[in-house]
Amino acid sequence: MDDDALIAEAKRVLKLNDLGGWTRPTATLYPHQWLWDSCFTAIGLRQYDVRRAQQEIRTLLEGQWKNGMVPFIRFSDATTYHAGPELWRSDVSPDCPPDVRTTGVSQPPMITEAVVQIGAKLAPAKRLAWYREMYPALARYHEWWYRDRDLERSGLVTVVHSWETGLDNNPAWMEILHRHALSPKLRTLDKSKTLIKLLEMRRRDTSVVPAKQRMSTLDLMAFYDQVRSLRRMRYDDARIMRRHKLLIKDLVINSVLIHATHLLGGIADEIGEKLPPHTAQARTRGADVLERLWHEEDGVYYNLDTRTGQLVRVLCHASIIPLYAGTLPEARVQALLRHVHDPEEFATPYPMASAPLNSSYFNPQRYWQGPSWMMTNWLLWQGYLRNGCDEEAETLRRASLRMIRDNGMHEYYSPIDGKPAGAPDFAFSAALALDMLAAERRIAS
Ligand code: GLC
868 MDDDALIAEA
878 KRVLKLNDLG
888 GWTRPTATLY
898 PHQWLWDSCF
908 TAIGLRQYDV
918 RRAQQEIRTL
928 LEGQWKNGMV
938 PFIRFSDATT
948 YHAGPELWRS
958 DVSPDCPPDV
968 RTTGVSQPPM
978 ITEAVVQIGA
988 KLAPAKRLAW
998 YREMYPALAR
1008 YHEWWYRDRD
1018 LERSGLVTVV
1028 HSWETGLDNN
1038 PAWMEILHRH
1048 ALSPKLRTLD
1058 KSKTLIKLLE
1068 MRRRDTSVVP
1078 AKQRMSTLDL
1088 MAFYDQVRSL
1098 RRMRYDDARI
1108 MRRHKLLIKD
1118 LVINSVLIHA
1128 THLLGGIADE
1138 IGEKLPPHTA
1148 QARTRGADVL
1158 ERLWHEEDGV
1168 YYNLDTRTGQ
1178 LVRVLCHASI
1188 IPLYAGTLPE
1198 ARVQALLRHV
1208 HDPEEFATPY
1218 PMASAPLNSS
1228 YFNPQRYWQG
1238 PSWMMTNWLL
1248 WQGYLRNGCD
1258 EEAETLRRAS
1268 LRMIRDNGMH
1278 EYYSPIDGKP
1288 AGAPDFAFSA
1298 ALALDMLAAE
1308 RRIAS
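Last residue of the sequence shown: number 1312 in the numbering used here, and the count goes up by one each step with no gaps.
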């Protein structure tokens, strides 16, 4: 695909998934509105249709809860998704708005970044109006993270489900899940090949995408279990922080939130608002709080398991994502680049492998355990630029576009040969390809 064909194809995919004011990730697997997918979609859309990009964020915020939380799915009426409203039953929480059905946890808070990226395309007066319109919801959302998900006021928020990270079955989370969050029932199930086979036959996702490209059935059952546990606590964060088994200071959520808070501070200054108290404090701490997640010997960041107080020493690309959080100390950046350029870890022809090559988890086609994804590629691209790694940024941008040109807009790709995997016609891949292309040429409406 040359540039013009790529632009036409990306616009086709975005139109195909446009359900009137909001965009589904893709037709076959994901018929609802997802939080960070919609943000990435808006970041691409703003390159040729700013109004539509604004609408994407407005519809997303219709799902916001009374406590400020923005759930990671706002459900449509479609009934084909496996973890739908009947699993989540968001109405068990008094915070859930009455007329929408949603999940009970959030996702990497990309909304503020999307709002600012859209703002950059607006004339000054319109940008201020846009910021004024968005600010109250954004401020409530940030404050919810810092107030309700960081009770110990460490500056790092706690994440309670792997779906919340956006990187579903990533190795660092699966390690913890298997270590201390599998119910006795699931441990027995793990031993029964026949039962697993039976459950596999009932899965909807694997009738669309080959099973070897999705997460394992055991992991999926464990994900459902974790939702039921959160649901029993009525998604009440105070109870969850006391009793839940998975309480992780997660690298992706915290990196995205730290940068988002920096951006929200800028918005507040521009429109003359004062950040709410916990968010204001987080703004002053900036990316310094990530030091708690640094592992000196391994020269990399890791998730922290709050139940043990230990870093989870399992490497995956989330360990490099703090580059997105802000300008890191030069020594940290250089140490991270050593992993990026290590041929046994992340130096693959198509960056960025979601698990290192030498990991026992690595499989080039299995979901978040090897493949390259446009979402995390975009975060790393921005992170490289922010930290003066211009060469890495450009290599990643070009390789990402090559992957798309050669294969179309898929969910994810093999980092070895760029071959596509997962579902086709994916909105965020289309949108982010447009955004990366716009770094070298204008995308006309
Ligand atoms: C999968 C991905 C997640 C994404 C969702 C919809 O769950 O892991 O990041 O938001 O699909 O595309």
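Every residue gets a Cβ at the ideal spot worked out from N, C-alpha and C, and that includes glycine.
* To do: Express the C-alpha separation of ILE1138 and LEU1005 in angstroms, rounding to a whole number.
  => 13 Å
* Asked: Looking at C-beta atoms only, is the number of pairs between the region 1143–1161 and the region 1223–1235 that lie closer than 8 Å three or more?
  -> no
* To do: For GLU1212, count neighbouring Cβ atoms within 10 angstroms of its own Cβ and tell me buried if that reaches 16, exposed if not.
  => buried
* To do: Could you check how far apart the C-beta atoms of TRP1245 and PHE907 are, in whole angstroms? I think they sit under 8 Å.
  => 7 Å
* **Exposure label - HIS1009; buried when at least 16 CB within 10 Å** => buried
* Which residues have a Cβ closer than 6 Å to any heavy atom of the ligand GLC, listed in chain order? -> PRO892, TYR897, TRP901, TRP903, ASP904, GLY1033, ASP1035
* Asked: Using DSSP with H/G/I as helix, E/B as strand and the rest coil, what is TYR1279?
  -> strand
* Asked: Could you give the uninterrupted runs of the beta strand (DSSP E) lying entirely in the region 1068–1110, keeping only those of 3 residues or more?
  -> none
* Asked: Should MET1100 be labelled buried (16 or more other beta-carbon atoms within 10 Å of its own) or exposed?
  -> buried
* 7 Å Cβ cutoff met for LEU1203 and ILE1188 -> no
* **Cα-Cα separation, VAL1076 to ALA990** => 43 Å
* Asked: Skipping 5 residues on each side, what residues in its chain have a beta carbon closer than 7 Å to that of VAL1119?
  -> PRO975, THR1032, GLY1033, LEU1034, ALA1185, ILE1188
* Do the region 1018–1031 and the region 1103–1123 make contact, defined as three or more Cβ pairs closer than 8 Å? -> yes
* Answer yes or no: do THR1025 and LEU1114 have a C-beta to C-beta separation smaller than 7 Å? => yes
* **Reduced DSSP category for GLN1232 - H, G, I as helix; E, B as strand; rest coil** => coil
* Asked: Which stretch, first to last residue, makes up the alpha helix (DSSP H) that contains LYS878?
  -> 870–883
* How big is the Cα-Cα spacing for LEU1142 and LEU1085? -> 43 Å
* Round the Cβ separation of LEU927 and ARG941 to the nearest angstrom and send it over; I've been treating them as touching at under 8 Å. => 7 Å
* To do: Check the DSSP bridge columns for GLN900 and list the partner residues they point to.
  => ARG941
* Asked: When you compare only the Cα positions, how much space is there between GLN1177 and LEU1171?
  -> 6 Å
* Determine the contact status of PRO1218 and ALA1266, defining contact as a CB-CB distance below 7 Å. => yes
* Asked: HIS1208 to ASP944, Cα distance in whole Å?
  -> 46 Å
* **Residue span of the alpha helix (DSSP H) that contains LEU1131, given as start and end** => 1118–1138
* Please classify ILE1310: does DSSP put it in a helix, a strand, or coil? => coil
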